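If you're matching positions, the sequence shown starts at 6 in this note's numbering and goes up one per residue.
Notes follow the structure.
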Amino acid sequence: MTNNNQNNDTKIIDATLSTGAAPAGGAKKSRSSGSRRYNKGAKASSKPKTAEEAAKKELTADNKPKAPNKGGKKQTPKNEKKQPATKADNKENKRNPNEKSGSRRPRGGSKSKKPALKIIPLGGLHEIGKNMTAYEYGDDIFIVDCGMAFPDADMLGVDIVIPDFTYLEKNVEKIRGVVITHGHEDHIGSIPYFLKKINVPIYGGRLALGLIEGKLKEHGLLGKAKLNPVTPGSIVKMGCMSVEFIHVNHSIPDAMAVAITTPVGVVVQTGDFKIDYTPIEGGMIDIARFAELGKKGVLCLLSDSTNAERPGFAESERNVGYAFENLFHQAGNKRIIIASFASNIHRIQQIIDNAARSGRKVAVSGRSMVNVVAKAIELGYLNVPKDIMIDIDNIGRYPKNKLVLVTTGSQGEPMSALSRMAAGDHRKVSVTSEDFIIISAHPIPGNEKHVTRVINDLMRLGAEVIYKSMYDVHVSGHACQAELKMMLSIVKPKFFIPVHGEYKHLKQHMSLAQELGIAPDHMLISDLGQVIELDGENMKVNGSVEAGHVFVDGYGVGDVGSIVLRDRKHLAQDGLIIVVVTIESESGTVVAGPDIVSRGFVYVRESEQLMEDARHLVRKALDDCQERNVREWSALKVVVKDQLSSFIYKKTKRDPMILPIIMEI
Numbered sequence: 006m007t008n009n010n011q012n013n014d015t016k017i018i019d020a021t022l023s024t025g026a027a028p029a030g031g032a033k034k035s036r037s038s039g040s041r042r043y044n045k046g047a048k049a050s051s052k053p054k055t056a057e058e059a060a061k062k063e064l065t066a067d068n069k070p071k072a073p074n075k076g077g078k079k080q081t082p083k084n085e086k087k088q089p090a091t092k093a094d095n096k097e098n099k100r101n102p103n104e105k106s107g108s109r110r111p112r113g114g115s116k117s118k119k120p121a122l123k124i125i126p127l128g129g130l131h132e133i134g135k136n137m138t139a140y141e142y143g144d145d146i147f148i149v150d151c152g153m154a155f156p157d158a159d160m161l162g163v164d165i166v167i168p169d170f171t172y173l174e175k176n177v178e179k180i181r182g183v184v185i186t187h188g189h190e191d192h193i194g195s196i197p198y199f200l201k202k203i204n205v206p207i208y209g210g211r212l213a214l215g216l217i218e219g220k221l222k223e224h225g226l227l228g229k230a231k232l233n234p235v236t237p238g239s240i241v242k243m244g245c246m247s248v249e250f251i252h253v254n255h256s257i258p259d260a261m262a263v264a265i266t267t268p269v270g271v272v273v274q275t276g277d278f279k280i281d282y283t284p285i286e287g288g289m290i291d292i293a294r295f296a297e298l299g300k301k302g303v304l305c306l307l308s309d310s311t312n313a314e315r316p317g318f319a320e321s322e323r324n325v326g327y328a329f330e331n332l333f334h335q336a337g338n339k340r341i342i343i344a345s346f347a348s349n350i351h352r353i354q355q356i357i358d359n360a361a362r363s364g365r366k367v368a369v370s371g372r373s374m375v376n377v378v379a380k381a382i383e384l385g386y387l388n389v390p391k392d393i394m395i396d397i398d399n400i401g402r403y404p405k406n407k408l409v410l411v412t413t414g415s416q417g418e419p420m421s422a423l424s425r426m427a428a429g430d431h432r433k434v435s436v437t438s439e440d441f442i443i444i445s446a447h448p449i450p451g452n453e454k455h456v457t458r459v460i461n462d463l464m465r466l467g468a469e470v471i472y473k474s475m476y477d478v479h480v481s482g483h484a485c486q487a488e489l490k491m492m493l494s495i496v497k498p499k500f501f502i503p504v505h506g507e508y509k510h511l512k513q514h515m516s517l518a519q520e521l522g523i524a525p526d527h528m529l530i531s532d533l534g535q536v537i538e539l540d541g542e543n544m545k546v547n548g549s550v551e552a553g554h555v556f557v558d559g560y561g562v563g564d565v566g567s568i569v570l571r572d573r574k575h576l577a578q579d580g581l582i583i584v585v586v587t588i589e590s591e592s593g594t595v596v597a598g599p600d601i602v603s604r605g606f607v608y609v610r611e612s613e614q615l616m617e618d619a620r621h622l623v624r625k626a627l628d629d630c631q632e633r634n635v636r637e638w639s640a641l642k643v644v645v646k647d648q649l650s651s652f653i654y655k656k657t658k659r660d661p662m663i664l665p666i667i668m669e670i
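In structure tokens, the structure reads:
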């Protein structure tokens, strides 16, 4: 179980001692002597001892009481008579026991109002993925998470989707660093693209940083990155704000929430979490620390909403291990193939443990699975018995009843290892009736059809397939309703902002908070780019900044926009017709063509008459232009496009993209 006294060993890191924010290619020189990869040399402050003392010392520096008059007595003007104290005065002067000294408003004047804390969601709202939130106070900004999302079905040709960094690029001099809650793609996937634009320190758990290292190496950025490992209880100072890391349970090791101390109060962002009383690794979530923060007062809570519609508690990861144990016996002499999320280290550990008990070797397939498993073993997050892991190339040396293959493809991704096995395209694994396949994941909304297709294809090959609806081979890593209510109850926030989910998840989470007594005007469902302001007493939306989706297609980042996607959709739905014609420049006479090329519209050999009629139509349109002395290329193209489009629609009720190409000689 997690040591709930971990804050007594608090490590405080000052982000201002690390390299400051700089645009790519113009980074300032670091003042610390840490390594280029991990800034292991970042010094921990010995004073103050706890996070609260650090925050209090820093945040009350401007509120110190003034030195008393000589003799320590209050001076009264000579001509002013002392008035007897009234009951109202005595009530006013009676000090609130919870009020800090130096925080009371002086009688004779007004205290200057502090600026508001700005919380700016740049991703992770009304969507699953692309999580990114900016916190800004005065001249300081830091960011929590920097994730990616996979494209929707209508984002044709797009590889991944990342947040819009425009606002951060405009305020690069204010950015103190990036805080990572855990190592899932929807929280770290955009970091290489971010660091190409803004080079700032990154703080996160060792596993998250290890996975980030692999991404940065692929992009040629590893030598320039400033990666700083932190542990639960660590505190990173971000200018006038400080960030404390708190251990939580999730489906990946080193998951942490953050408690952000600001001049206007404490904000808690849970990250992805669940409450697991019997976790595989790392101990139970540090509920005591959340309760301690709640007792002292939390201004605002931003909490994971993914499972806000599911009642009860999320099941423990250990339940999957028990299911695996039964299924390994059920498999008998068949080869076992298990598909899971590559980042679910706890699941992979249980697979390895069961394989060792049943005398089987383990091989991994799929690029992401190979990379994650290798990094987890390197960092000590996977406990692998000697000689149990083998290379996928060597599986032919062992009988099938002595093998377990761990693979990607639990979501039916077309190019994943499991999908290629189902299609018979995998170069090293051929699925037969001697295979026992377990899909250890629940389909993400939108992926159900892909997963079903893969299951059907595997069954056609004779394999026995086990999936979620049949056995408990998957549990969620996100908190359900009872856990969300517990978090709200122990943190006791003044204001609440549900995050990490689609609109229906956010709405349901807000309903749960309302059941616990949080007033509707103290809650907010925000949108990407909205600037949420908190001044300690009120929460409001004050304008917005640039935010949204940036598409990554191959090496191109942001060069695919709505117009390009519209054209791709048009091509995918109706196909393309290219009209090629050559005209004499002086007279405008057609000397060659028109030739018509069709792609994705009709099969030309079966539609020769349609193509011939289209050629005659284009020739007649160009002859009419010649008679009217129309020579401008753009005008000729418009005439050809309009007349051919009308003709094709009348004949076929289709609207292909028409591309006229006119050459002059």
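Even glycine gets a Cβ: it sits at the ideal position worked out from N, Cα and C.
Given the structure is predicted, the values throughout are model-derived calculations rather than measurements.
Tell me, please, which residues DSSP counts as bridged to residue i.
| i | result |
| --- | --- |
| Q535 | S549 |
| R294 | Answer is none; R294 lacks a bridge partner. |
| H483 | In the DSSP output, where bridge partners are listed per residue, H483 has none listed. |
| Q274 | V263 and L307 |
| K242 | D19 and S247 |
| G541 | DSSP, once it has assigned bridges, lists no residue as partnering G541. |
| F606 | Bridge partners of F606: none, in fact. |
| S370 | T412 |
| E141 | K123 and I146 |
| N136 | Answer by DSSP bridge pairing: none, since N136 is not bridged. |
| V184 | V149 and Y208 |
| I530 | Bridge partners of I530: none, in fact. |
| H554 | P168 |
| H334 | Note: H334 sits in no beta bridge, so no partner. |
| P284 | DSSP output for P284 lists no bridge partner at all. |
Using the C-alpha atoms, what's the distance from residue j back to residue i?
| i | j | result |
| --- | --- | --- |
| I395 | V480 | 27 Å |
| S516 | T275 | 18 Å |
| M668 | L576 | 24 Å |
| N547 | V409 | 55 Å |
| D169 | I400 | 44 Å |
| F318 | V569 | 44 Å |
| I495 | I17 | 25 Å |
| R315 | M491 | 14 Å |
| V478 | I444 | 7 Å |
| P665 | K545 | 53 Å |
| E286 | H447 | 22 Å |
| R352 | R659 | 50 Å |
| A47 | N233 | A caution first: A47 carries a pLDDT of 40, below 50, which makes its placement in the model unreliable, though a value can still be read off. For A47 and N233, the distance between alpha carbons rounds to 8 Å. |
| G228 | F556 | 26 Å |
| T657 | R633 | 30 Å |
| A422 | I471 | 17 Å |
| M289 | T283 | 7 Å |
| D558 | A154 | 13 Å |
| Y654 | S612 | 15 Å |
| E322 | D281 | 8 Å |
| L521 | L489 | 11 Å |
| N204 | L226 | 10 Å |
| A183 | F147 | Residue identity differs from the one stated: residue 183 is Val in this sequence, not Ala. Between V183 and F147, the C-alpha separation is close to 6 Å. |
| V644 | R610 | 27 Å |
Contact defined as beta carbons within less than 8 Å: I believe residue i pairs with residue j. What is the distance between those atoms, to the nearest angstrom?
| i | j | result |
| --- | --- | --- |
| G506 | L533 | In fact, because the Cβ distance is near 13 Å, the residues do not count as touching under 8 Å. |
| T413 | M464 | Rounded, the Cβ-Cβ distance is 20 Å, inconsistent with contact. |
| Q416 | I449 | 6 Å |
| A368 | I397 | 5 Å |
| P390 | A347 | P390 to A347, Cβ: 21 Å. No contact. |
| K339 | K405 | 7 Å |
| H514 | S310 | 4 Å |
| V263 | V248 | 5 Å |
According to the Cβ coordinates, are residue i and residue j closer than 7 Å?
| i | j | result |
| --- | --- | --- |
| L127 | M137 | yes |
| C305 | P525 | no |
| P503 | D579 | no |
| G467 | T437 | yes |
| V269 | D540 | yes |
| D150 | H189 | no |
| K220 | P197 | yes |
| F501 | A518 | yes |
### Message
Contact between the region 426-442 and the region 316-330 is defined here as three or more beta-carbon pairs at a separation below 8 Å; is this criterion met?
### Response
In short, these stretches do not touch, since the Cβ pair count stays below three.
### Task
Determine contact between the region 194-211 and the region 254-264, defined as no fewer than three beta-carbon pairs at a distance below 8 Å.
The answer is yes - the region 254-264 touches the region 194-211, with three or more Cβ pairs under 8 Å.
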